[in-house]
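S.K.: Each residue of the sequence shown is one higher than the one before, starting from 0 at the first, in our numbering.
Shown below is the structure under consideration.
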Amino acid sequence: LMLLYTASTAFHGFYFSKARHVLQVLDHSGVFILIAGSYLPYCLVAIGGKLGIGLLIAIWALCLGGIAYKLFFLNRFKHLETMIYVVLGWLCLVGMVPLWHHLGPVGFWLLVAGGVAYTGGAMLYLQKGIPYIHVIWHLFVILGSLCMYLSIYFYL
C-alpha cells in the first residue's frame, strides 16, 4: 500500500519532468503489486490450503505479467489495462466460501466494498468528459484501500 502511494505521489509530483515515463511505469506497476500483496493475507490465512496457495501463485504470476505488459505497452490499450486490474481484483471470488467463513460478515463485506470502490472508480475513470475524473478516481482508490486495510487489520 505504501509502495503504491509513494510511486503515485512521485509520478504526479514529477509529471512534467524527464523522469515522468519511468515514474509512470512504477506507478502503474505499483497497482499490480498492491493487488498481489493484498491477496497474500487473504490467501494464506483466510482461504488457506491448496486453493489459497494456488490462487496466490496465479495472482502473483498474472501481476508480474501485468508489470511486464506495462513495461512494453504503457498507455496503449487503456480499456484493456483497466479490465486486467478489475479481473485480477475479482479473482478472489474463487475463494469466496472460505473467505466468508474466516472473515465473517463484516470483514467479508469490507473486502467486497473495497473491490466495489476500486471497480467503480476504474469504470468512472474510463468515461470521457467528466471534469476532474482523475481526482475522483483517486478518491475511489483511497476508499477501496481503506476498506481492504480495515478488512485485513481487524478480521485476519
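Built from N, CA and C at the ideal position, the CB exists for glycine as well.
Given the structure is predicted, the values throughout are model-derived calculations rather than measurements.
(1) Looking at C-alpha atoms only, which residue of 29, 151, 136 and 106 is the closest neighbour of residue 67?
(2) Residue 127 lies in the alpha helix (DSSP H); which residues open and close that run?
(3) Give a yes or no on contact between the stretch 110-119 and the stretch 137-153, applying the rule of three or more CB pairs nearer than 8 Å.
(4) Distance, Cα to Cα, residue 108 vs residue 17?
(5) Considering only C-alpha positions, which residue in the set 22, 62 and 104 is nearest to residue 33?
(6) Given this structure, state the Cα-to-Cα distance separating residue 126 from residue 81, to the nearest angstrom.
(7) Measuring straight from C-alpha to C-alpha, what distance separates residue 98 and residue 78?
(8) Identify the continuous alpha helix (DSSP H) that holds residue 17 and give its terminal residues.
(9) Give every residue of the same chain whose Cβ lies closer than 7 Å to the Cβ of residue 121, excluding the five residues on either side of it in the sequence, and list them in chain order.
M.R.: Answer, in terms of the structure:
(1) Taking the sequence shown and counting its residues from 1, the one referred to as residue 67 is at position 68. Closest by alpha carbon: 29.
(2) For the purposes of this step, residue 127 is taken as residue 128 along the sequence shown, with counting starting at 1. Premise fails: residue 127 is in no alpha helix (DSSP H) and is neither H nor E.
(3) A contact is defined here as three or more CB-CB pairs under 8 Å, and the stretch 110-119 meets this definition with respect to the stretch 137-153.
(4) Counting from one through the sequence shown, the residue named residue 108 turns up at place 109. Counting from one through the sequence shown, the residue named residue 17 turns up at place 18. Taking the straight line joining both Cα atoms gives about 42 Å.
(5) Working through the sequence shown from its first residue, we reach residue 33 at position 34. When each option's Cα is compared against that of residue 33, the closest is 62.
(6) Taking the first residue of the sequence shown as position 1, residue 126 is located at position 127. Taking the first residue of the sequence shown as position 1, residue 81 is located at position 82. Residue 126 and residue 81 have their alpha carbons spaced roughly 12 Å apart.
(7) Position 99 of the sequence shown, counted from the first residue, corresponds to residue 98. Position 79 of the sequence shown, counted from the first residue, corresponds to residue 78. The alpha-carbon separation between residue 98 and residue 78 amounts to approximately 29 Å.
(8) One-based indexing of the sequence shown puts residue 17 at position 18. Where residue 17 is concerned, there is no enclosing alpha helix (DSSP H), given that its DSSP letter is neither H nor E.
(9) Along the sequence shown, read from residue 1 onward, the residue named residue 121 stands at position 122. Hits under 7 Å: 81, 84 and 85.
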